[in-house]
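Structure first, then comments.
Numbering (the working numbering), first residue to last: 3 to 200.
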């Protein structure tokens, strides 16, 4: 029995004003991933490729623990792209070859006057052949439960963006400003203001 679950979530996050524009921070994939994911669940595979060991998810009678490979990169203007490229299942290897996960996301820094916002959108899709035990469950109920589970995952990501990423950006900007002041380099390019909605 095949099932398809989908979820999509837009986000708009205010960015506290800092001496260093957030566009510069967003060009660092490692910091971004560390802010979004518990570092103990993160494995770096390359400069912009990571494997994330997701916390166990409960879907009706199933316990699912995906291990997702992600590519995350930023354009020179600070626009961030995120895309999944592979997924493995712990504890459910029997259906792993019939399980497909796709995650695509973008994050765009937009300057509006003296303020900046991050505007993003994430789309998560899962296609899976469910075990025979699910045959008696009505399809609408399965889809509603699956879609709700995926939306919960996206809301967790949104929450970490609002708390962890913004907090890490503030710390990073403070560190950069302190180092710049200590070497006495006026007009440092890192401190130039970016303008406009990218």
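Even glycine gets a Cβ: it sits at the ideal position worked out from N, Cα and C.
(request) Report buried or exposed for residue 4, applying the criterion of at least 16 other Cβ atoms within 10 angstroms of its Cβ. (result) One-based indexing of the chain shown puts residue 4 at position 2. The residue in question, residue 4, is exposed, as its Cβ has fewer than 16 Cβ neighbours within 10 Å.
(message) So for residue 48, helix, strand or coil by DSSP?
(response) Counted from its first residue, the chain shown places residue 48 at position 46. DSSP places residue 48 in coil when its eight states are reduced to three.
(request) Express the C-alpha separation of residue 105 and residue 140 in angstroms, rounding to a whole number. (result) The count along the chain shown starts at 1 and reaches residue 140 at position 138. The count along the chain shown starts at 1 and reaches residue 105 at position 103. Using only the alpha carbons, I get a separation of about 26 Å.
(message) I believe residue 9 touches residue 123 by the beta-carbon criterion, under 8 Å. Please report the beta-carbon distance rounded to the nearest angstrom.
(response) Along the chain shown, one-based indexing puts residue 9 at 7. Along the chain shown, one-based indexing puts residue 123 at 121. 11 Å between Cβ atoms; not a contact.
(message) With H, G and I counted as helix, E and B as strand and the rest as coil, what does DSSP make of residue 139?
(response) Taking the chain shown and counting its residues from 1, the one referred to as residue 139 is at position 137. Correct three-state label for residue 139: coil.
(request) Give the straight-line distance between the Cα atoms of residue 171 and residue 27, rounded to the nearest whole angstrom. (result) Against the chain shown, residue 171 aligns to sequence position 169. Against the chain shown, residue 27 aligns to sequence position 25. Their Cα atoms are separated by approximately 7 Å.
(message) For a quick check, are the C-beta atoms of residue 162 and residue 131 less than 8 Å apart?
(response) As a first step, residue 162 must be located in the chain shown, where it is residue number 160. As a first step, residue 131 must be located in the chain shown, where it is residue number 129. No, the pair does not count as a contact, with Cβ atoms beyond the cut-off.
(request) Closer than 8 Å by C-beta to residue 145: which residues in its own chain qualify, once you throw out the five before and the five after it? Chain order, please. (result) Translated into the one-based positions of the chain shown, residue 145 becomes position 143. Sequence-distant Cβ neighbours of residue 145 in its own chain, meaning closer than 8 Å and more than five residues away, are 5, 6, 7.
(request) Determine the direct distance from the alpha carbon of residue 21 to that of residue 179, and round the result to whole angstroms. (result) Taking the chain shown and counting its residues from 1, the one referred to as residue 179 is at position 177. Taking the chain shown and counting its residues from 1, the one referred to as residue 21 is at position 19. So the alpha carbons of these two residues sit roughly 7 Å apart.
(request) Could you tell me whether the Cβ atoms of residue 51 and residue 73 are closer together than 8 Å? (result) Taking the first residue of the chain shown as 1, we reach residue 51 at position 49. Taking the first residue of the chain shown as 1, we reach residue 73 at position 71. Taking 8 Å as the Cβ cut-off, residue 51 and residue 73 qualify as a contacting pair.
(message) Measuring straight from C-alpha to C-alpha, what distance separates residue 57 and residue 138?
(response) Numbered from its first residue, the chain shown carries residue 57 at position 55. Numbered from its first residue, the chain shown carries residue 138 at position 136. The straight-line gap from Cα to Cα measures roughly 28 Å.
(request) Starting from the C-beta of residue 35, find all residues in its chain whose C-beta is less than 7 Å away, skip the five residues before and the five after it, and write them out in chain order. (result) Taking the first residue of the chain shown as 1, we reach residue 35 at position 33. Excluding sequence neighbours, residue 35 sits near 44, 52, 74.
(request) Work out the CA separation of residue 46 and residue 107 for me, nearest whole Å. (result) Reading the chain shown from its first residue, position 105 is the one you call residue 107. Reading the chain shown from its first residue, position 44 is the one you call residue 46. About 19 Å.
(message) For residue 86 and residue 110, which I take to be in contact (beta-carbon distance under 8 Å), what is that distance rounded to the nearest angstrom?
(response) Taking the chain shown and counting its residues from 1, the one referred to as residue 86 is at position 84. Taking the chain shown and counting its residues from 1, the one referred to as residue 110 is at position 108. A Cβ-Cβ distance of about 19 Å is found for the pair residue 86 and residue 110, leaving them out of contact under the 8 Å criterion.
(message) Quick check on residue 31: buried or exposed, where buried means 16 or more other Cβ atoms within 10 Å of its Cβ?
(response) Start at 1 with the first residue of the chain shown, and residue 31 comes out as number 29. With 16 or more other Cβ atoms from the protein chains shown falling within 10 Å of its own Cβ, residue 31 counts as buried.
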